[in-house]
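J.: In my numbering, the protein residues as written are 1 to 205. Idealized CB from N, CA, C, for every residue including glycine. None of the values given here were measured: they were computed from a predicted structure. Mind looking over this structure? Questions follow.
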């Protein structure tokens with residue numbers, strides 16, 4: 001990937017993440033009584049902090065994306081000739097990650113005497129549905145080999161990147177972090193095969 005293409009990926013991802021983060025923040029301000037981003041309720045300073053926070057989430061998404069590409073490169077070399085094992089491992093990790101964000105968040109809330117497990121299953125369902133939609137688009141634009149890697153990145157990478165919000169166990173902060181992460185991750189994975197040279201692009205995400 002050339003420096004120009006990397007710059008395009010960086011700045012467009014930053015724009016997408018910041019825009020979606022701000023939209024999520026505005027929606028929360030309009031629908032959640034007394035929501036204050038990071039406790040900063042000083043006029044326009046709250047919006048400035050929100051803008052900066054959304055930008056940082058976009059940067060975090062890009063760090064996760066390049067970490068994923070590195071892990072994938074190592075795995076493809078490690079499982080050379082035995083890619084089925086790598087695919088199986090990715091599927092197992094997807095299941096574990098989706099289960100964990102229900103179980104761990106619910107057990108944490110149960111210890112505090114809060115809520116039913118039903119409310120904690122909504123988030124993994126949303127993440128899974130978005131991941132499936134992005135994976136479907138990726139496979140249509142490339143080929144079937146992109147199915148498991150894309151689903152893995154969209155679900156597992158998003159969940160790992162959103163761990164700080166999960167630790168807070170607050171629906172508002174989870175929303176304001178997961179929404180831009182999903183948007184950024186979708187943008188990056190769908191843009192990747194367009195930026196890579198045709199002779200170096202395995203069309204597998």
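Can residue 183 and residue 16 be called in contact, C-beta distance under 7 Å?
T.: In the chain shown, counting from the first residue as 1, residue 183 sits at position 183. In the chain shown, counting from the first residue as 1, residue 16 sits at position 16. Contact flag set, yes.
J.: Look up residue 142 in the DSSP assignment and say whether it is helix, strand or coil.
T.: Residue mapping note: residue 142 aligns to position 142 of the chain shown, counting from 1. Coil at residue 142, not helix or strand.
J.: Suppose the cutoff is 8 Å on Cβ atoms and the five residues either side in sequence are ignored; what does the same chain contact list for residue 167 look like?
T.: By 1-based counting over the chain shown, the position of residue 167 is 167. Here the set comprises nothing.
J.: Measuring straight from C-alpha to C-alpha, what distance separates residue 68 and residue 157?
T.: For the purposes of this step, residue 68 is taken as the residue at position 68 of the chain shown. For the purposes of this step, residue 157 is taken as the residue at position 157 of the chain shown. Computed Cα separation, rounded: 7 Å.
J.: Could you check the C-alpha separation between residue 7 and residue 187 for me, to the nearest Å?
T.: Numbered from its first residue, the chain shown carries residue 7 at position 7. Numbered from its first residue, the chain shown carries residue 187 at position 187. C-alpha separation (whole angstroms): 14 Å.
J.: Under 7 Å Cβ to Cβ from residue 155, same chain only, skipping five residues before and after it: list those, please.
T.: Mapped onto the chain shown, residue 155 falls at position 155. If we look at residue 155 and ignore the five residues flanking it on each side, its Cβ neighbours are 94, 97, 98, 127, 128, 131.
J.: Rounded to whole angstroms, what's the CA-CA distance from residue 19 to residue 13? Just pull it up for me.
T.: Your numbering for residue 19 matches position 19 in the chain shown. Your numbering for residue 13 matches position 13 in the chain shown. When rounded, the distance between both Cα atoms is 10 Å.
J.: Drop a sphere of 10 angstroms on the beta-carbon of residue 71, count the other beta-carbons inside from all chains shown, and report buried for 16 or more, exposed for fewer.
T.: Taking the first residue of the chain shown as position 1, residue 71 is located at position 71. Its Cβ having fewer than 16 others within 10 Å, residue 71 is exposed.
J.: Going by alpha carbons, who is nearest to residue 123 out of 57, 138, 170?
T.: By one-based count along the chain shown, residue 123 stands at place 123. Measuring from the Cα of residue 123, the nearest candidate turns out to be 170.
J.: Residues in its own chain within less than 6 Å of residue 133 by CB, not counting five upstream and five downstream?
T.: To locate residue 133, count along the chain shown from 1; it is residue 133. Cβ neighbours of residue 133 beyond the five flanking positions: none.
J.: Could you check if residue 65 is buried or exposed, using at least 16 other CB atoms within 10 Å of its CB as the buried criterion?
T.: Against the chain shown, residue 65 aligns to sequence position 65. Its Cβ being crowded by 16 or more others within 10 Å, residue 65 is buried.
J.: Can you tell me where the alpha helix (DSSP H) holding residue 2 begins and where it ends?
T.: Taking the first residue of the chain shown as 1, we reach residue 2 at position 2. Neither: residue 2 is in no alpha helix (DSSP H) and is coded neither H nor E.
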